[in-house]
Structures are given as C-alpha cells and as structure tokens.
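Read the structure below first, then the notes.
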Amino acid sequence: MNQRTPAPGPAAPAEPDRAPLTGAADRVGWADVPRRVRTAVGLAAGAGVLQALGYAVGPISGGPPPGFTALPLLVVLSLLPPAAAAAAFARGRPVLGAAVLVGAGALLPARFLLDLQFAVEPLYTSRPEVALFHSLDPVGTGAGTWLLLAGHLLGTAAAVLAFGRPRTDEATPYTAEFDDPTGDRPAARRGGSLAAVLVLAPFAGAGLFSAPYRSDNLFQLADDAGSAPTLPGLGLTLLMVTVPLVLLCSTPSAHRSIATGVPLGLLLGLAAVELPNTAAGLRSDGLHATWGPVVALAAVLLLLATAPLVAVAARVWQSVVGYWRTSAGAAMHGVAALLGLVAAVLSLVAAASEQVVVDAVAAGLVAGTAPPDGLRGPEVFVDDLFYPVAGLVFVLSLLLAAPRFAGAVRPAFTVALAAVPFAGAATIGAVLAEVDRTPVYAPGNGVWAAGFAVAAAAGAAVLAGLAGSAERYALDEDPPPRELRLGVAAPLAAGVLFALGAFGLPAVRAPGFAAPGLWSTVDFASAGLWAAVLSLLAAAATAAVARPARAAALLVGGALLAAVRSLEYPLTAARAAGSTPGPGTWLALATVVALLIAALVAGTAKGARR
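The opening residue of the sequence shown carries number 1038 in this note's numbering; numbering runs sequentially from there.
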C-alpha cells in the first residue's frame, strides 16, 4: 500500500511513496516548516508587539496612574508566548512551538472581551495595573485599547493557523514529528495526565471565577465573574470555561509536543491575566491579594510539573503491592466490611445520642442533685445527617461482606465512606460552636460516637483500597495498561465541577446564618467538606482510566455521597429561622445526575463486566 507498482520488465527496487520519517529528536529547519505555521509565528510576534505597545500607549485617556509600576511586567507577559514559541522553533521543535501558540491563543477571545471594556466604559474596569481610580471623574478610551484589541485578533489568527496537522499525504520533516511513533506517549502517562486534569482543572476554573483582588477603595472595582459588568463578566466566564476545556483536550494527547506545548502556552496566556492582579493586590494602596489568581496559576503549573510523575507513582505503587493476591484481597474485604458495619452502628448511635449536655459544675449546680426541669442542651440538628449515612454504609458493608458482590461493590463503598467524616465533622463542629458560645454546655456522648465512627470509616476505606490493589494484581501476572475512557470525560467533568459547587457553596441559607464552606466561613466542619470533595475528585480521576465496571461503581459511590449532601437542607433546615435551600443543595442534585450519567456511560462500555 505504501509502495509504487514496479514497471514491467526486470525487477527493480521498490521506491517508497513516503519519505523516511525524521526522528522526533532531530532538528527541523525553518525552511521545512509549512508556510501557514511560519505565518502563524509572524502573526504571534506581531500580536505580542501590539499588546506591549497598547499598554505603553495607554488604554485609558485622562485617567489616574496605575497602582504600581506595571509596564515592564505587562510588556514581558505580552511577549512571553511568541518568545517561547520562537525558542521551540529555534531548537528544531516546530510542533511544540505551534502548540504553545495554540494554548496561548485559546485565551485571547476572553481577553478581547476583558479589554473591550476600555472602549465601552473605562471607569468600570477592574484593571489597577492600568489605572487605579480614586474618584468618579470621567475618563476616555486611549489609543492603546485599539492596539490591544488588534493584538488579540492577530494572536487568535496565529492560533488558528498553527492548529492541527497539515492536510497532506506527503511526508515532510514537520509531519514526521506527528507521525513518528517515538513521539507517542504510553497509555499510563496519558491516563496520569487525564487524572491530573480532572483534579486540578476545576481549581483553575474556581480561581478564575473569584475576585482578582480585594479592594478597600470604594472607587476601584474588585468584581468576580458573577458581579462584574457585562463584558468583563463574559470574559471571565469564558476564561473559566476555556481553561479546563483546553486542558482536558490537550494534556491526554498521545503526542508529547502537544501535551506539553498547549498547557505551556495556556499558562503563559493565563499569567498575562492573573499576575498583574496579584501584583496589584500586593503593591497597590488599598488593594489586597486574594487566593483566586494564585490558585488558577498554581493549578496549571502543577499540571505541567506533576502529570509525568503520576505515571511514575503508579508504577511504584504497582511494584509495592504486586505481591498481593486473591487471598489477601478477600481477607481485607472482610475486615473492611466489619469496620464499615462498626462505622454504621456508631453513626446511628451518634444520631440518636445527645450531642450537647449541661455541665452541672459549670452551671453552679450542687453535686448529687438533679438539674432543674428544662435545663437541657440545645438541639444540634446536623447530627440527623447520620441517619441516611448509617443506612447507606450499613447496606454497602453487608454487600461487601458477601464474596459474590464484594468486587463490584468495593469501589462504591470506598467513595461513599466519605459521608461519615462529612456528617461527623459537621456534627462535631456544631457542638464545639455551642460549647464555645455557652460555657455551661459540654460535649455529649454523641460526639464521641461520631468521632469513633469517623475513625472506623477511615480504617475501612484504607483496607478497601488495599483490597482493590490486591484484586487488580490477582487478575493478571502482567496487568494490561489502563486505557483512557474519553467517552465518559464530558459527564465526568460536569460532575466534578458541580461537586465543587455542591460542597463549596452553602446548602442552607438563612438571614444571619453563615454555613461552613471550603474556602469561606472555614471551621471544623470544613474538614468534612474537604474529605467529601477530595474523595469525589479521586473517584473521578480513577474512573477515567479504570475498567468499565469498576469505573461505574466508583461513580455510583460518588453519586451516593453527593446525595447525602443534597439531604442536608431537608434534614437540618430547623437550625436557622427562615432557611431556604442554598445553591449547594441544587448543585448536589446536579452532581448526582451527572455522575449517574457518567456511570451509565462507563458501565455500558465494551468490557463493562470486567
């Protein structure tokens, strides 16, 4: 198929129809790069220069000075993407350079919307690196605005031209970098990258949604994506969607240059948006840095740094637990089920016991006499979460104890166990708040039962995880590499994003009531929220590369965990007068639906019974 038919007559050596492929390590000269890619490099360089000039000329006319000396930083950030791409081309890695242009250019439509606000109403921009407002005096649009917008358009055009493999059947040194099998990444590395994306990309999106800095200046806006004016709000929302989507599409790529170049370009483009915000919060009067920009940048940076290490860690783990076989796994299944039953019983005891009691000594009562009628500890309400948790863990523990169902139930059991620390931390946190507020109160027996239930659940989760490793290596002496399941990626990513909101936003809202959260109103109960979120993230990352049946079970367990969160409002609404369901309740229900859809997709895949 790849050779020409020889002419009639004496046999002649067959001539290859395609030129020999150039190794990925060979340098590719500038003349070998396709014309459209060379054009993309020129457009990207022009875009960087226009953006730098736009900041130098000034996007605002007649406005106040910036909050700090930002021009050197802005110029460097504008020129970094084309400079990084040029460095890749100079090293003979044109595909890597083109991927950098694609990653940086993916953010330019959102940056165009952000900078378009300079042309509509500069006074309502949240850009202290350009102008720090101290009054409502009118300002005008500067010539730099048009240079910035033109630079964004040129950069977007460069990304479009640099995108994809040239459509040609003729082999060239440039296409060889795509075709050479030595450039392919193994399935384990791709699976590790996808797992890292599923864990880190939602944090990047959350950081982009949050306020860029905190302002004590009434005239300087510090809006997040939800409260910003229309154009900046659309721009920030587009950024929040684009970053996880681009990471999800690029980092699991089979080609090293794409898996590295696109996230690198994305990081450089994201730095141009977020670093000025952080610098403004640190160096401008009346402004304070926030966690959002730092988390967004750190998530992408960690993805670049840790994705290759995930596969290495997986191989080390395989070598450590490889000696386990079926007998060890069966024993650990039994002990995990027993600890699960203990956790379920203790959860029921915690729900039925008194959480807060009256300390007779502190109340000044005489020893040996009964307290006055009506002198009882207050109702905590959140301990009612232990009722559904106890039932859930009890049923799953019984199924895990049955050898016929143990392997299928174990993944769901492991994830759903996070409901115990979720309910336990909420209960203990509420008790500690009551005791701190009223000295005559003391923790009751329910608190001790809750603490022991959390400990039993933790032990059961560890043993169930070890049993899973034992089972995995009992199937084959040489287990096959994990395969990516890209079909489940969309509902899985949606479930992860919903889960961050479900546990990060309040499930109950009421006047004067501040529910514990992941990043706001942090207290003891926040530890349970983090335990649930991290369990869901770990389940999602594992399900993306797990065998179909195990992936479906993991996602069902995550859906059960989210269902417990959705019950928080109906079970605990009485703790605050005038309470209504918060966004966490609705997002928990959305998480349940998304994860069940992902489980259905995973479970109906080829080989779903494995």
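Cβ coordinates follow ideal geometry from the N, Cα and C atoms, glycine included.
Notebook entry, point to check: Using a Cβ-Cβ cut-off of 6 Å (strictly less than) and excluding sequence neighbours within five positions of residue 1191, which residues of its own chain qualify?
Noted result: Exclusion of the five residues before and after residue 1191 leaves 1080, 1083 and 1084 as the residues of its chain whose Cβ lies within less than 6 Å of its Cβ.
Check: Can you tell me whether DSSP reads residue 1167 as helix, strand or coil?
Finding: It is coil, neither helix nor strand.
Next item on the list: Assign residue 1240 to buried or exposed, taking buried as 16 or more other Cβ atoms, counted over all protein chains shown, within 10 Å of its Cβ.
Entry: Classification for residue 1240: buried.
Notebook entry, point to check: Should residue 1528 and residue 1386 be called a contact, given that it needs their Cβ atoms to be closer than 8 Å?
Noted result: In this structure, residue 1528 sits away from residue 1386, with a CB-CB distance that is not shorter than 8 Å.
Check: Are the beta-carbon atoms of residue 1427 and residue 1458 separated by less than 8 Å?
Finding: Taking C-beta atoms as the reference points, residue 1427 and residue 1458 fail to come closer than 8 Å.
Margin query: Is the beta carbon of residue 1302 closer than 8 Å to that of residue 1119?
Written below: Going by C-beta atoms, residue 1119 is not nearer than 8 Å to residue 1302.
Item checked: Nearest neighbour of residue 1391, chosen from 1284, 1504, 1620 and 1485 [CA to CA] -> Residue 1485 holds the alpha-carbon nearest to the alpha-carbon of residue 1391 among 1284, 1504, 1620 and 1485.
Notebook entry, point to check: Going by beta carbon distance, what residues of the same chain come within less than 8 Å of residue 1072, once the five residues before and after it are set aside?
Noted result: Cβ within range, chain order: n/a, list empty.
Next item on the list: Verify whether the separation of the beta carbon atoms of residue 1161 and residue 1284 is less than 8 Å.
Entry: Against a cut-off of 8 Å, the Cβ pair of residue 1284 and residue 1161 comes out as no contact.
Next item on the list: Could you tell me whether the stretch 1134 to 1154 touches the stretch 1181 to 1200, where touching means 3 or more Cβ pairs closer than 8 Å?
Entry: Contact between the stretch 1134 to 1154 and the stretch 1181 to 1200 is present, with at least three C-beta pairs closer than 8 Å.
Item checked: Delimiting residues of the beta strand (DSSP E) encompassing residue 1395 -> First-last of the beta strand (DSSP E) with residue 1395: 1393 to 1395.
Next item on the list: Determine the direct distance from the alpha carbon of residue 1553 to that of residue 1155, and round the result to whole angstroms.
Entry: The straight-line gap from Cα to Cα measures roughly 38 Å.
Checklist line | Rounded C-alpha distance that separates residue 1562 from residue 1569 | finding: Taking the Cα positions, residue 1562 is about 11 Å away from residue 1569.
Checklist line | C-alpha distance - residue 1505 paired with residue 1311, whole-angstrom precision | finding: Taking the straight line joining both Cα atoms gives about 41 Å.
Notebook entry, point to check: For residue 1381, which residues from the same chain have a beta carbon less than 7 Å from its beta carbon, with the 5 sequence-adjacent residues on both sides left out?
Noted result: 1427, 1430, 1431 and 1434, listed in sequence order.
Notebook entry, point to check: Are there 16 or more other CB atoms within 10 angstroms of the CB of residue 1099, so buried, or fewer, so exposed?
Noted result: Residue 1099 is exposed by the Cβ-count criterion.
Checklist line | Collapsed DSSP secondary structure at residue 1178 in the structure displayed | finding: Taken through DSSP and simplified to helix, strand or coil, residue 1178 comes out as strand.
Next item on the list: Look at residue 1608 and residue 1421 and say whether their C-beta atoms are less than 8 Å apart.
Entry: In this structure, residue 1421 lies closer than 8 Å to residue 1608 by Cβ.
Item checked: Opening and closing residue of the alpha helix (DSSP H) in which residue 1143 lies -> Per DSSP, residue 1143 lies in no alpha helix (DSSP H) segment and is marked neither H nor E.
Check: Does the pairing of the stretch 1248 to 1256 with the stretch 1167 to 1183 give three or more beta-carbon distances under 8 Å?
Finding: Verdict: yes, contact present.
Notebook entry, point to check: In its own chain, which residues sit with a C-beta less than 6 Å from the C-beta of residue 1587, not counting the 5 before and 5 after it?
Noted result: Excluding its 5 nearest sequence neighbours in each direction, residue 1587 has C-beta neighbours in its own chain below 6 Å: 1448, listed in chain order.
Next item on the list: Mind checking which residues open and close the beta strand (DSSP E) that includes residue 1480?
Entry: Looking at the DSSP string, the run of the beta strand (DSSP E) that includes residue 1480 is 1478 to 1480.
Next item on the list: Measure the C-alpha to C-alpha separation of residue 1095 and residue 1265 and round it to an integer number of angstroms.
Entry: One C-alpha to the other measures close to 22 Å.
Notebook entry, point to check: For the beta strand (DSSP E) that contains residue 1324, what are its first and last residues?
Noted result: Counting along the chain, the beta strand (DSSP E) containing residue 1324 begins and ends at 1324 to 1326.
Next item on the list: Give the secondary structure of residue 1618 by DSSP, where H, G and I count as helix, E and B as strand, and everything else as coil.
Entry: Reduced to three states, the DSSP call for residue 1618 is strand.
Notebook entry, point to check: Taking the DSSP output, what are the residues bridged to residue 1563?
Noted result: Within the DSSP bridge table, the entry for residue 1563 names no partner.
Checklist line | CA-to-CA distance, residue 1106 to residue 1470, given in whole angstroms | finding: When rounded, the separation of the alpha-carbon atoms in residue 1470 and residue 1106 is 46 Å.
Check: Can you list, in chain order, the residues of its chain whose CB lies under 6 Å from that of residue 1636, leaving out five sequence neighbours each side?
Finding: Apart from the 5 residues on each side of it in sequence, residue 1636 sits with its Cβ closer than 6 Å to the Cβ of 1589, 1592 and 1593 in its chain, given in chain order.
Notebook entry, point to check: Leaving out the 5 sequence neighbours to the left and right, which residues in its chain are closer than 7 Å to residue 1443 when beta-carbon positions are compared?
Noted result: 1370 and 1437.
Next item on the list: Would you mind stating whether residue 1641 and residue 1599 have Cβ atoms separated by less than 8 Å?
Entry: Taking 8 Å as the Cβ cut-off, residue 1641 and residue 1599 do not qualify as a contacting pair.
Note to self: If I follow the unbroken beta strand (DSSP E) through residue 1252, where does it start and stop?
What the structure shows: Going by DSSP, residue 1252 is part of the beta strand (DSSP E) stretching over 1250 to 1252.
Next item on the list: Can you say whether residue 1551 is buried or exposed, counting buried as having 16 or more other CB atoms within 10 angstroms of its CB?
Entry: It is exposed - the Cβ of residue 1551 has fewer than 16 other Cβ atoms within 10 Å.
Margin query: Can you find the residues in the same chain that come closer than 7 Å, C-beta to C-beta, to residue 1101, ignoring five residues on each side of it along the sequence?
Written below: Excluding positions up to five away in sequence, the list reads 1168, 1169, 1170 and 1171.
Next item on the list: Using alpha carbons as the reference points, say which of 1576, 1111, 1282 and 1068 lies closest to residue 1089.
Entry: The option with the nearest alpha carbon to residue 1089 is 1111.
Next item on the list: Given a cut-off of 8 Å, decide if residue 1324 and residue 1548 are closer than it, judged by their beta-carbon atoms.
Entry: No; because the gap between Cβ atoms is not below 8 Å, this pair is not in contact.
Notebook entry, point to check: Is residue 1497 near residue 1454, with beta carbons less than 8 Å apart?
Noted result: Cβ atoms of residue 1497 and residue 1454: closer than 8 Å.
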